[in-house]
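Visitor:
There are 2 protein chains.
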Amino acid sequence: MHFDLKHTDSGSKARAGEIHTDHGVIETPIFMPVGTAGTVKGVHQHELKSEINADIILGNTYHLFLRPGLEVLEEAGGLHKFMNWDLPILTDSGGYQVYSLSGSRKIQEEGVKFQSHINGSYHFFTPERAIDIQRTIGADIIMAFDECTPYPCEYNYAKRSMHMTHRWLKRCFEQMERTTPKYGYEQVLFPIVQGSVYKDLRKESAETIASHNAFGNAIGGLSVGEPAEELYEMTDLVCAVLPTDKPRYLMGVGTPENLLECIAMGIDMFDCVMPSRNARHGMLFTSEGIINIKNLKWEKDFSPLDPNGTSAVDHLYSKAYLRHLIKSNENLGIQIATIHNLAFYLDLVKQARKHILADTFVSWKNQMIPKLNHRL
Amino acid sequence: MHFDLKHTDSGSKARAGEIHTDHGVIETPIFMPVGTAGTVKGVHQHELKSEINADIILGNTYHLFLRPGLEVLEEAGGLHKFMNWDLPILTDSGGYQVYSLSGSRKIQEEGVKFQSHINGSYHFFTPERAIDIQRTIGADIIMAFDECTPYPCEYNYAKRSMHMTHRWLKRCFEQMERTTPKYGYEQVLFPIVQGSVYKDLRKESAETIASHNAFGNAIGGLSVGEPAEELYEMTDLVCAVLPTDKPRYLMGVGTPENLLECIAMGIDMFDCVMPSRNARHGMLFTSEGIINIKNLKWEKDFSPLDPNGTSAVDHLYSKAYLRHLIKSNENLGIQIATIHNLAFYLDLVKQARKHILADTFVSWKNQMIPKLNHRL
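Respectively, the protein sequence lines represent chains H and P.
Note that this note's numbering gives residue 62 to position 81 of the first sequence, counting from 1, and the numbers run on in steps of one.
Note that this note's numbering gives residue 3 to position 22 of the second sequence, counting from 1, and the numbers run on in steps of one.
Printed below as a string of structure tokens:
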């Protein structure tokens, strides 16, 4: 695997690159649809390719570990084969989901004990175990086991937690060294910068992470409730420390505006449940602005879902029809809205890339953002 | 619109025909997927065509009347345009759904008063109103407003109800005469034979219905809980009375075995929620037998969903993957299972047609039925 930095925008720190994996090339900047349990909810794999133009999807280690479980995934030959998806996959380490189970987990130096949300069974994740599990799932890009601090987070807790994350990272790299890929293709580990919203901690963490000289680097612990200003300040600060010749992945971000602002700071990779989760509630990101399809104003609007949309659903179905489906709790409504929103996100980053390569990124971004935030 | 009877099987009363509508030709025998609220649950319209090979789908007047409502449907230019489906549609009259609301409806000679299951609002359906509503929905084939008696049903109730259904039928035909299609294409009315499981009533009803010389004729009030023997006995008896040169529609039937047995008696059209509803619970009808995909035996079965299946999902996804999705309550599991089951039903009737045309229907049916009923 290798990363080619193709171009850096003349007016910002935005970059266009290519991540070469054994499952194909990912053109950056990229957005990764979230496929929690081996499925992007409501979307067929062939639709991810033909309608959404996804280059890579994300799987959640915690969910896949519990269901279908490692035995099934290993016998299937890994997640790619299990779900019949032959393009790249990234998995998180399981950490983030485990911490969301606030009541039912306990964090110690050795690792994290937690209870399954499905059947209450007890499990123990360590940095080593997180690597082993991700070897079995078989994603192309795997993530270090970290603690994602909540927001707000007291300074001393954030500092102690960050240092533990750094010690865990060492154990992750050691476990990577001790093990090999199970299915004949390469896997790379991304370490994760933590440090909450404290500049000195973020800087220290970014320097520690950079020192590992990993294939790529991630920024975690943001988009957890902090104001956008802090998200941007931390991202900018960390990007200034992380090496320019490696891909940078900002975890769990964000709105279309967040994507464009963070691309301008040098972020190459994003994932977020927002486009798919909001779709399920009838909130659409479109070329003209944000639509709440449940509003009465769409009841008799028989115009196409998004006349400038890149996916077939944008032209096959009307706003009035989608409104009817969503109001009636029909799965097809969720399917249409999800395809639309994910296609919109992927089109946005592809447009961003085009403008980076043409050195027109900043003027394009500044013209896009008011449209993206406009509520129709 | 016209019906061409192409061939009657030499070894049974099974028939192959063609129903010509302004939205295309329906090759019979046919199965009609149920699209209750303007959507076959979880299935895109283009999948109905390319994966399932549906020639016609069914809409439910009761549901469409309540949501999206007649104003929206009329402004859209009818259901075809609203949902972007350009092949034929059949609508029921709303009667059946209204009776299922046992507690909240009242049947009188004039019509039926009922309460919406959505918001409790009161509505009144009469034979005339059922025609008007179906004119607005705009299906190619519309159904008479009848009372569908439950099972078991006391003889005197069944007789009185049947006579009221016959009087209502006259009012339906009169309303058809008084009104015209709204969207420039033809609509035909199918009357419905009732009479519960009483031979004399069924014979009388079939004779009354036949005397109207309608485009096609339907058999209602079956598949409501009676034993298969009674379903078959009534169907056979009624088919002997109904004219041979008109399509015969057996409403709400049934299992794959039911379809083949009733095709042998001269039925041309079927609809049933079974393939789609059972799919949502993980029950698959396959070329080798019935699968409950939730069973542990499929956990590590990575073979294709149905190696002989006609739809792409049969070959794209494994049994183990579908099991994981259904067990995890993932919408994609429902989508895959629904496409599979509906494609299986459509393939079954298309195979039946081929064997009718080749005069090999009976031997094929007898060889198929044990396979269809086999539990894997």
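C-beta atoms are modelled at their ideal positions from N, C-alpha and C, and glycine is treated no differently.
Along the alpha helix (DSSP H) that carries residue 254 (chain P), what are the first and last residues, could you check?
Guide: Locating residue 254 (chain P) in the second sequence gives position 273, counting from the first residue. Taken as a continuous stretch (DSSP letters only), residue 254 (chain P) belongs to no alpha helix (DSSP H), as it is neither H nor E.
Visitor: Indicate the three-state DSSP secondary structure (helix, strand or coil) for residue 286 (chain H) in the structure shown.
Guide: The residue you call residue 286 (chain H) lines up with position 305 of the first sequence. Three-state DSSP puts residue 286 (chain H) in coil, outside helix and strand.
Visitor: Which of helix, strand or coil does DSSP assign to residue -4 (chain H)?
Guide: On the first sequence, residue -4 (chain H) is found 15 positions in, with the first residue counted as 1. DSSP places residue -4 (chain H) in strand when its eight states are reduced to three.
Visitor: Please classify residue 359 (chain H): does DSSP put it in a helix, a strand, or coil?
Guide: This structure cannot settle anything about residue 359 (chain H), because the visible part of chain H is limited to -18 through 357.
Visitor: What separation, rounded to the nearest whole angstrom, lies between the Cα atoms of residue 183 (chain P) and residue 201 (chain P)?
Guide: Start at 1 with the first residue of the second sequence, and residue 183 (chain P) comes out as number 202. Start at 1 with the first residue of the second sequence, and residue 201 (chain P) comes out as number 220. Cα-Cα distance, rounded: 10 Å.
Visitor: Let me confirm a value: residue 185 (chain P) is counted as buried when at least 16 other C-beta atoms fall within 10 Å, else exposed. Which label applies?
Guide: Taking the second sequence and counting its residues from 1, one reaches residue 185 (chain P) at position 204. Buried is the call here.
Visitor: Give the secondary structure of residue 174 (chain H) by DSSP, where H, G and I count as helix, E and B as strand, and everything else as coil.
Guide: Translated into the one-based positions of the first sequence, residue 174 (chain H) becomes position 193. Residue 174 (chain H): strand per DSSP, three-state reduction.
Visitor: For residue 315 (chain H) and chain P, any beta-carbon pair shorter than 9 Å?
Guide: Residue numbering aside, residue 315 (chain H) sits at position 334 when the first sequence is read from its first letter. Yes, residue 315 (chain H) lies at the interface with chain P (some Cβ there is under 9 Å from its Cβ).
Visitor: Taking a contact to mean a Cβ-Cβ separation below 9 Å, would you say residue 132 (chain P) touches residue 206 (chain P) in this structure?
Guide: One-based indexing of the second sequence puts residue 132 (chain P) at position 151. One-based indexing of the second sequence puts residue 206 (chain P) at position 225. For residue 132 (chain P) and residue 206 (chain P), yes; Cβs fall inside 9 Å.
Visitor: Under 8 Å by Cβ, that's how I've got residue 283 (chain P) and residue 325 (chain P) pegged, so tell me the actual separation to the nearest angstrom.
Guide: For this step, residue 283 (chain P) is matched to residue 302 along the second sequence. For this step, residue 325 (chain P) is matched to residue 344 along the second sequence. Not a contact, Cβ separation roughly 21 Å.
Visitor: So the alpha helix (DSSP H) residue 213 (chain P) belongs to, where does it begin and stop?
Guide: In the second sequence, the residue the question calls residue 213 (chain P) occupies position 232. Start and end: 209 to 222.
Visitor: Rounded to the nearest angstrom, what separates residue 107 (chain H) and residue 254 (chain H) at their Cα positions?
Guide: Numbered from 1 along the first sequence, position 126 holds the residue referred to as residue 107 (chain H). Numbered from 1 along the first sequence, position 273 holds the residue referred to as residue 254 (chain H). Distance between the alpha carbons of residue 107 (chain H) and residue 254 (chain H): 25 Å.
Visitor: Residues in its own chain within less than 7 Å of residue 314 (chain P) by CB, not counting five upstream and five downstream?
Guide: Counted from its first residue, the second sequence places residue 314 (chain P) at position 333. Closer than 7 Å at Cβ, skipping near neighbours: 303, 306 and 307.
Visitor: Taking one C-beta from the segment 229 to 243 of chain P and one from the segment 288 to 299 of chain P each time, how about it: are there three or more such pairs within less than 8 Å?
Guide: Output reads no: the segment 288 to 299 of chain P does not touch the segment 229 to 243 of chain P.
Visitor: Please report how far the alpha carbon of residue 352 (chain P) lies from the alpha carbon of residue 271 (chain P), in whole angstroms.
Guide: If you number the second sequence from 1, residue 352 (chain P) lands on position 371. If you number the second sequence from 1, residue 271 (chain P) lands on position 290. Rounded to the nearest angstrom, the two C-alpha atoms are 9 Å apart.
Visitor: Quick test of the definition: if touching needs 3 or more C-beta pairs under 8 Å, does the segment 66 to 81 of chain H touch the segment 35 to 45 of chain H?
Guide: Yes, the segment 66 to 81 of chain H touches the segment 35 to 45 of chain H.
Visitor: Would you mind listing the alpha helix (DSSP H) stretches within the segment 87 to 129 of chain H that are 4+ residues and don't spill past its ends, in chain order?
Guide: DSSP runs (the alpha helix (DSSP H)) wholly in the segment 87 to 129 of chain H: 108 to 118.
Visitor: Take residue -2 (chain H) and list the residues in its own chain whose beta-carbon comes closer than 7 Å to its own, dropping the five residues that flank it on each side.
Guide: In the first sequence, the residue the question calls residue -2 (chain H) occupies position 17. Cβ within range, chain order: -16, -15, -14, -13, 9, 228 and 249.
Visitor: For chain H, check one thing: does any of its Cβ atoms lie closer than 9 Å to the Cβ of residue 64 (chain P)?
Guide: Here residue 64 (chain P) is taken as the residue at index 83 of the second sequence, counted from 1. Chain H, which has a Cβ nearer than 9 Å to the Cβ of residue 64 (chain P), makes this yes.
Visitor: If we define contact as Cβ-Cβ less than 9 Å, is residue 46 (chain P) a contact residue for chain H?
Guide: Counting from 1 along the second sequence, the entry for residue 46 (chain P) is found at position 65. So, not an interface residue.
Visitor: Might you give, ordered along the chain, the residues of its own chain that have their beta carbon closer than 7 Å to the beta carbon of residue 263 (chain P), omitting 5 neighbours on each side?
Guide: As a first step, residue 263 (chain P) is located in the second sequence; it is residue number 282 there, counting from the start. Excluding residues within five positions, the ones whose Cβ falls inside 7 Å are 273, 274, 275, 307 and 318.
Visitor: Decide if residue 161 (chain H) is buried, meaning its Cβ has at least 16 other Cβ atoms within 10 Å, or exposed.
Guide: Here residue 161 (chain H) is taken as the residue at index 180 of the first sequence, counted from 1. The residue in question, residue 161 (chain H), is exposed, as its Cβ has fewer than 16 Cβ neighbours within 10 Å.
Visitor: Which of the three DSSP states is assigned to residue 308 (chain P) in this structure?
Guide: Along the second sequence, one-based indexing puts residue 308 (chain P) at 327. Helix.
Visitor: For residue -12 (chain P), decide whether its Cβ has a neighbour in chain H, counting only Cβ atoms nearer than 9 Å.
Guide: Against the second sequence, residue -12 (chain P) aligns to sequence position 7. Not an interface residue.
Visitor: Hey, out of P:339, P:354 and P:68, whose CA is closest to residue 6 (chain P)'s CA?
Guide: Looking up residue 6 (chain P) in the second sequence gives position 25. Closest option to residue 6 (chain P), Cα to Cα, is P:68.
Visitor: May I ask you to verify whether the segment 52 to 67 of chain H touches the segment 94 to 108 of chain H, counting CB pairs closer than 8 Å and requiring at least 3?
Guide: The answer is no - the segment 94 to 108 of chain H does not touch the segment 52 to 67 of chain H, with fewer than three Cβ pairs under 8 Å.
Visitor: Quick check on residue 175 (chain P): buried or exposed, where buried means 16 or more other Cβ atoms within 10 Å of its Cβ?
Guide: As a working mapping, residue 175 (chain P) is identified with position 194 in the second sequence. By the 10 Å Cβ count, residue 175 (chain P) comes out buried.
Visitor: What residues of chain H sit near residue 309 (chain P), judged by a beta carbon separation below 7 Å?
Guide: Position 328 of the second sequence, counted from the start, is the residue given in the question as residue 309 (chain P). Those are 18 and 48, listed as they occur along chain H.
Visitor: Taking a contact to mean a Cβ-Cβ separation below 9 Å, would you say residue -5 (chain P) touches residue 342 (chain P) in this structure?
Guide: Looking up residue -5 (chain P) in the second sequence gives position 14. Looking up residue 342 (chain P) in the second sequence gives position 361. Taking 9 Å as the Cβ cut-off, residue -5 (chain P) and residue 342 (chain P) qualify as a contacting pair.
Visitor: Would you kindly work out how many angstroms separate the C-alpha atoms of residue 120 (chain H) and residue 173 (chain P), rounded to a whole number?
Guide: The residue given as residue 120 (chain H) occupies position 139 in the first sequence. The residue given as residue 173 (chain P) occupies position 192 in the second sequence. Distance between the alpha carbons of residue 120 (chain H) and residue 173 (chain P) is about 58 Å.
Visitor: Going by C-alpha distance, which of P:142, P:91, P:220 and P:242 is nearest residue 209 (chain P)?
Guide: What you label residue 209 (chain P) is simply residue 228 of the second sequence in a count that begins at 1. The candidate whose alpha carbon is nearest that of residue 209 (chain P) is P:242.
Visitor: Quick one, are the C-beta atoms of residue 55 (chain P) and residue 20 (chain H) less than 9 Å apart?
Guide: Counting from one through the second sequence, the residue named residue 55 (chain P) turns up at place 74. Counting from one through the first sequence, the residue named residue 20 (chain H) turns up at place 39. Not a contact, by the Cβ cut-off of 9 Å.
Visitor: What does residue 281 (chain H) reach in chain P if we use C-beta pairs closer than 7 Å?
Guide: Translated into the one-based positions of the first sequence, residue 281 (chain H) becomes position 300. Here the neighbours are 53 and 56.
Visitor: How should residue 81 (chain P) be labelled, buried or exposed, when 16 other C-beta atoms within 10 angstroms of its C-beta is the threshold for buried?
Guide: As a first step, residue 81 (chain P) must be located in the second sequence, where it is residue number 100. The residue in question, residue 81 (chain P), is exposed, as its Cβ has fewer than 16 Cβ neighbours within 10 Å.
Visitor: Who are the neighbours of residue 120 (chain H) on chain P, taking C-beta pairs under 8 Å?
Guide: For the purposes of this step, residue 120 (chain H) is taken as residue 139 along the first sequence, with counting starting at 1. Within chain P, no residue comes near residue 120 (chain H); the closest Cβ sits about 17 Å away, beyond 8 Å.
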